[in-house]
Amino acid sequence: MDRPSTTTAHRGRFVHGTCPRCAWIGPGRRALFTAERDAETHAEEHDAPLADPSATTSDPPRSPAG
Ligand SMILES: [Zn+2]
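Count the sequence shown with UniProt numbering and you get residues 1 to 66, in order.
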């Protein structure tokens, strides 16, 4: 399984995960791998199918006698 392509940007002493697909910039991290992980987590949101808000409603509790 390939890792999602990620990009990072160094700003001063910190590195931020960035997204080439939108203008997202992650929080400043002191560790590069942490910034990369932020970017990967963000990228997964792009790849994940958008959930239909109308389909996420939970069913009301059913009657046990039903
Ligand atoms: Zn993005």
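Note that CB positions come from ideal geometry on N, CA and C, so glycine has one too.
For the beta strand (DSSP E) containing residue i, name the first residue and the last one.
i: Arg13; result: Where Arg13 is concerned, there is no enclosing beta strand (DSSP E), given that its DSSP letter is neither H nor E.
Taking the continuous alpha helix (DSSP H) assigned at residue i, which residues delimit it?
i: Arg37; result: Leu32 to Asp47
Going by DSSP, what residues sit across from residue i in a beta bridge?
i: Gly17; result: Thr8
i: Arg29; result: Val15
(message) Give the residues whose C-beta lies closer than 6 Å to at least one heavy atom of ligand 1, in chain order.
(response) Cys19, Arg21, Cys22, Trp24, His42 and His46
(message) Taking contact to mean 3 or more Cβ pairs, one atom from each stretch, closer than 8 Å, check whether the segment 58-65 and the segment 35-48 are in contact.
(response) no
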